[in-house]
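Undergrad: Starting off with a structure, shown below.
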Amino acid sequence: MGQKIRWGIIGLGGIAQKFANDLNLVDDAEIIAVASRSMDKADAFAKQHQAKHAFGSYQALFECDEVDVVYIATPHTGHKEWSIKAMNHGKSVLCEKPMGMDRSDVEEMISVAEKNKVFLMEALWSRFNPSIRKAKALVEAGEIGELGYLHADFAFYALDRPEEGRLLNPELGGGSLLDIGIYPIFLSYLFLGMPEHIKTSSKFYKTGVEVQTSMIFEYPKAQAILYSGLTSGSKMEAEISGSEGALFLSPQWHIAQGYTFKKGDDADYVELPTPGFGYTYEVEEVHSCLKQGKLQSDLWSHKNSLDLAELLETIRVKNGIKFPFEQ
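First residue of the sequence shown: 4, per the numbering used here; consecutive thereafter.
Structure follows, in structure tokens:
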């Protein structure tokens, strides 16, 4: 690879727009190619973000010799297919979360990455957020004592959106769980690991997608209370509480710009602002791994993605969350 790491982007929706904006903030990143099934959309995106190539098919981007790593920003249902096709063309992949629709998808993707000896990472950008990383370091250093309680929610009102759109369409893997429920689940997993038991309940919308899911993760000495929903907003402040203190990740916690450390009567707020939309940190992690010849990240590994997929699948099975293409 040359001095700059050359990115290709497929699936040119809202998330890709934000990601491309932040890619251009990273010194050693270059958007070399973008692809959409609409050539007009690809041309407009390429012009907006100074990409050298615009393609009217994903396949054409995968065949482009100038692309080092592909960012997959398609709807959930396309993550496995397009990641595998990119990796089979020798490209490294950063795939939007959830990496696959279930654990077997993720297993297959990892197998293809290993066969082709290419880097693969799930784009769980919150893992690299400075406030979340600092909170984890403080917990691991024993600053709040023994962790006993974690609360995290993620909700916004979406029932006024088009039913053929991504969130409310079962054909696109819609609903709250895979789109935003993944964040609270990730936070509990990050701080407490795999739970011993899961208690959970979901409510469904007329299209068949799940629009509210509540979860209790049971651990040997702790509980996590988690929620995702599309029927209302929520505070979206995360609490990580122990025997000697507590940490509060500022709303919206998944993109926290700081945290509060509370011990006794003292509460100290630490501001940790992120540049752009907050995607630069995961980009820098990908670059670091590629430059070191790593095939996975130590901060968000293949095992982490498998565990997260297993948790999501367990909740889906317990609550009867199924999609038409799985019948």
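The beta-carbon is built from N, C-alpha and C at its ideal position, and this holds for glycine as well.
When the Cα atoms are used, what is the spatial distance from residue 306 to residue 70?
TA: For this step, residue 306 is matched to residue 303 along the sequence shown. For this step, residue 70 is matched to residue 67 along the sequence shown. If you take the alpha carbons of residue 306 and residue 70, they lie about 26 Å apart.
Undergrad: Pull up the distance between the alpha-carbon of residue 129 and that of residue 157, whole angstroms please.
TA: By 1-based counting over the sequence shown, the position of residue 129 is 126. By 1-based counting over the sequence shown, the position of residue 157 is 154. Cα to Cα, residue 129 sits roughly 13 Å from residue 157.
Undergrad: For residue 299, list the residues DSSP reports as bridge partners.
TA: The residue labelled residue 299 in the question sits at position 296 within the sequence shown. None; residue 299 has no bridge partner.
Undergrad: Leaving aside the five residues before and after residue 283 along the sequence, list all residues of the same chain whose C-beta is less than 6 Å from its C-beta, in chain order.
TA: Within the sequence shown, the letter at position 280 stands for residue 283. Cβ neighbours of residue 283 beyond the five flanking positions: 25, 28, 29.
Undergrad: If you scan the stretch 107–153 from start to end, which runs of the alpha helix (DSSP H) of 4 or more residues do you find wholly inside it?
TA: The stretch 107–153 contains these whole alpha helix (DSSP H) runs: 133–143.
Undergrad: Does the Cβ-Cβ distance between residue 97 and residue 189 come in under 8 Å?
TA: One-based indexing of the sequence shown puts residue 97 at position 94. One-based indexing of the sequence shown puts residue 189 at position 186. Against a cut-off of 8 Å, the Cβ pair of residue 189 and residue 97 comes out as no contact.
Undergrad: Measure the alpha-carbon distance for residue 255 versus residue 182 and round it to whole angstroms.
TA: Counting from 1 along the sequence shown, the entry for residue 255 is found at position 252. Counting from 1 along the sequence shown, the entry for residue 182 is found at position 179. Spanning the two alpha carbons is a distance of roughly 15 Å.
Undergrad: Take the Cβ of residue 215 as the centre, count every other Cβ of all protein chains shown within 10 Å, and call the residue buried at 16 or more, exposed below.
TA: Within the sequence shown, the letter at position 212 stands for residue 215. Residue 215 counts as buried, since no fewer than 16 other beta carbons sit within 10 angstroms of its beta carbon.
Undergrad: Suppose the cutoff is 8 Å on Cβ atoms and the five residues either side in sequence are ignored; what does the same chain contact list for residue 32 look like?
TA: On the sequence shown, position 29 is the one that residue 32 refers to. Same-chain partners within the cutoff: 7, 8, 10, 26, 286, 290.
Undergrad: Any chance you could list the alpha helix (DSSP H) runs of at least 4 consecutive residues sitting entirely within the stretch 33–88, in chain order?
TA: 42–51, 61–65
Undergrad: Below 7 Å CB to CB, which residues in the same chain sit around residue 197 once its five sequence neighbours on both sides are set aside?
TA: Taking the first residue of the sequence shown as position 1, residue 197 is located at position 194. The residues are 310.
Undergrad: Determine the contact status of residue 115 and residue 75, defining contact as a CB-CB distance below 8 Å.
TA: Taking the first residue of the sequence shown as 1, we reach residue 115 at position 112. Taking the first residue of the sequence shown as 1, we reach residue 75 at position 72. Against a cut-off of 8 Å, the Cβ pair of residue 75 and residue 115 comes out as no contact.
Undergrad: Using DSSP bridges, identify the partner residues of residue 271.
TA: Taking the first residue of the sequence shown as position 1, residue 271 is located at position 268. For residue 271, which the question treats as bridged, DSSP gives the partners 264.
Undergrad: State the DSSP-derived secondary structure class of residue 229, mapped to helix, strand or coil.
TA: Position 226 of the sequence shown, counted from the start, is the residue given in the question as residue 229. If DSSP states are grouped into helix, strand and coil, residue 229 belongs with the strands.
Undergrad: Three Cβ pairs or more, each shorter than 8 Å: is that satisfied between the stretch 243–261 and the stretch 163–172?
TA: Contact between the stretch 243–261 and the stretch 163–172 is absent, because fewer than three Cβ pairs lie under 8 Å.
Undergrad: Just how far apart, CA to CA, sit residue 154 and residue 263?
TA: Translated into positions along the sequence shown, residue 154 becomes position 151. Translated into positions along the sequence shown, residue 263 becomes position 260. Rounded to the nearest angstrom, the two C-alpha atoms are 15 Å apart.
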